[in-house]
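Chemist: For the sequence shown, this note's numbering assigns the number -12 to the initial residue and increments by one for each residue that follows. Note that the Cβ used here is the ideal one computed from N, Cα and C, for glycine as well. It should be emphasised that the depicted structure is a prediction, and the values quoted were computed from it without experimental measurement.
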Amino acid sequence: MSTAAFRRDLVRLPNLVSLGRIGLIAVAAAVFLSGWRLTGLALGVPAGLSDHLDGWLARRRGEVTELGALLDVLADLLFQLLCFALAVHEGVWPTYLLVAWGFRDLTVTVLRASAAQQGFAIPSSRFAKVAINFNYYSFVVLGLDVARPFASPTVTLAVHWLGLAGAHAGVTLQWISGAIYLVRYARLYRGTPG
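(1) Go to Phe107, then tell me how far its alpha helix (DSSP H) extends in each direction, as first and last residue.
(2) Would you report the Cα separation of Ser125 and Pro81, rounded to the nearest angstrom?
(3) For the candidate residues Arg177, Asn120, Ala13 and Leu129, whose alpha-carbon lies nearest to that of Leu36?
(4) Taking the C-alpha atoms as reference points, what is the distance between Pro33 and Asp41?
(5) Applying the criterion that 16 or more other CB atoms from any shown protein chain within 10 Å of the CB defines a buried residue, is Arg24 buried or exposed?
(6) Taking the continuous alpha helix (DSSP H) assigned at Val14, which residues delimit it?
(7) Hey, Leu30 and Val18 are a contact pair by Cβ (cut 8 Å); roughly how many whole angstroms apart?
(8) Excluding sequence positions up to five away, which residues of its chain have a Cβ less than 6 Å from the Cβ of Ala115?
(9) Output the distance between the C-alpha atoms of Thr96 and Ser139, rounded to the nearest integer angstrom.
(10) Measure the C-alpha to C-alpha separation of Ala56 and Asn2 and round it to an integer number of angstroms.
(11) What's the call for Arg174, buried or exposed, on a 16-neighbour Cβ count within 10 Å?
(12) Can you give me the Cβ contacts of Leu98 inside the same chain, cut-off strictly under 7 Å, excluding the 5 residues immediately before and after it?
(13) Name the two residues that bound the continuous alpha helix (DSSP H) containing Arg135.
(14) Which residues in the same chain have their Cβ closer than 6 Å to the Cβ of Glu50, if we skip the five residues on either side of it in sequence?
(15) Work out the CA separation of Asp132 and Leu65 for me, nearest whole Å.
(16) Around the Cβ of Gln104, are there at least 16 other Cβ atoms within 10 angstroms (buried) or fewer (exposed)?
(17) Is the distance from the Cβ of Tyr75 to the Cβ of Ala118 below 9 Å?
(18) Measure the alpha-carbon distance for Leu149 versus Thr141 and round it to whole angstroms.
(19) How would you call Leu93, buried or exposed, if buried means at least 16 neighbouring beta carbons within 10 angstroms?
(20) Identify whether Pro81 lies in helix, strand or coil by the three-state DSSP scheme.
Structure (C-alpha cells):
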C-alpha cells in the first residue's frame, strides 16, 4: 500500500469515526481520572456506542478497508483496557478481571496475526460479540458504580453487583470465544513445510 492509498483510506468517514472514537476514549479516561467522573462517563458512553457506527458506515458506504479494521480493533482494545484498568484503579472490580481479559485478548491477537501470516483468517465468533456487549453494558454500570449518583445505598449496591456480574459474564464468554478461536486456528494451521 502506498502513502497516497493510506491517506485516502485514513480520511474515509468510517475511519474518521474510529479515529474520533480513539480520541474520545483518551479524553474520557483523562476527564474521569481528573475527578470529573460523570463528565468522563458522559464522554465514554458515546465512545462505546460508536463502536457499531464505524462498521455500519463502512459497509453501507462500501468503504471497508484494512486500515478501518485495524482502527476498529485498536479502538475496541483501548476502550476495554481503559475501562477494566479504571475499574481496578477505583477498587470496584478485582485485578484478576483485568488480567483475565488482557491475557485472552493478547492471545487472540497473536493467533490472528499468526493466521494472517499463514494466509488464513479466524472469523469472529458469536460468543465474542455477545461477550463484548456484556462488557460494554458493564462499563456503563461501572461508571455509575464509581460515580455513585444514587442517594439510596441499596441502589448503589445493586448497581455494583450488576456491573461486577456483567463483567464476569463478559470475560467468561470471551474465554469461551478464545477457545473457539484456538480450535479454528489449530484446524487451519499450516505449520512449517517439510
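Modeler: Reading it off the structure:
(1) In the sequence shown, counting from the first residue as 1, residue 107 sits at position 120. Premise fails: Phe107 is in no alpha helix (DSSP H) and is neither H nor E.
(2) Reading the sequence shown from its first residue, position 138 is the one you call residue 125. Reading the sequence shown from its first residue, position 94 is the one you call residue 81. Computed Cα separation, rounded: 14 Å.
(3) Within the sequence shown, residue 36 is the residue found at index 49, counting from 1. For the residues Arg177, Asn120, Ala13 and Leu129, the minimum Cα distance to Leu36 belongs to Asn120.
(4) The sequence position of residue 33 within the sequence shown is 46, counting from 1. The sequence position of residue 41 within the sequence shown is 54, counting from 1. Cα to Cα, Pro33 sits roughly 12 Å from Asp41.
(5) For the purposes of this step, residue 24 is identified with residue 37 of the sequence shown, where counting begins at 1. Result: buried.
(6) Numbered from 1 along the sequence shown, position 27 holds the residue referred to as residue 14. Segment Leu0 to Leu20, the alpha helix (DSSP H) holding Val14.
(7) In the sequence shown, the residue the question calls residue 30 occupies position 43. In the sequence shown, the residue the question calls residue 18 occupies position 31. Correct: roughly 6 Å between the Cβ atoms.
(8) Residue mapping note: residue 115 aligns to position 128 of the sequence shown, counting from 1. Counting only Cβ-Cβ distances below 6 Å, and skipping sequence neighbours, we find Ser164.
(9) Walking along the sequence shown from the start, residue 96 turns up at place 109. Walking along the sequence shown from the start, residue 139 turns up at place 152. Rounded to the nearest angstrom, the two C-alpha atoms are 42 Å apart.
(10) By 1-based counting over the sequence shown, the position of residue 56 is 69. By 1-based counting over the sequence shown, the position of residue 2 is 15. When rounded, the distance between both Cα atoms is 9 Å.
(11) For this step, residue 174 is matched to residue 187 along the sequence shown. With fewer than 16 other Cβ atoms within 10 Å, it is exposed.
(12) As a working note, residue 98 is residue 111 in the sequence shown. Ile109, Tyr168, Leu169 and Tyr172.
(13) To locate residue 135, count along the sequence shown from 1; it is residue 148. Arg135 -> no alpha helix (DSSP H), and no H or E assigned at all.
(14) Counted from its first residue, the sequence shown places residue 50 at position 63. The answer, listed in chain order, is Arg(-1) and Pro1.
(15) Residue mapping note: residue 65 aligns to position 78 of the sequence shown, counting from 1. Residue mapping note: residue 132 aligns to position 145 of the sequence shown, counting from 1. Cα-Cα distance, rounded: 21 Å.
(16) The residue given as residue 104 occupies position 117 in the sequence shown. That one is exposed.
(17) Here residue 75 is taken as the residue at index 88 of the sequence shown, counted from 1. Here residue 118 is taken as the residue at index 131 of the sequence shown, counted from 1. Inspection of the sequence shows that residue 75 is occupied by Val rather than by Tyr. The answer is no: Cβ separation not under 9 Å.
(18) What you label residue 149 is simply residue 162 of the sequence shown in a count that begins at 1. What you label residue 141 is simply residue 154 of the sequence shown in a count that begins at 1. So the two alpha carbons sit approximately 12 Å from each other.
(19) Along the sequence shown, read from residue 1 onward, the residue named residue 93 stands at position 106. When all chains shown are included, Leu93 counts as exposed.
(20) Within the sequence shown, the letter at position 94 stands for residue 81. In this structure, Pro81 counts as coil in the three-state DSSP scheme.
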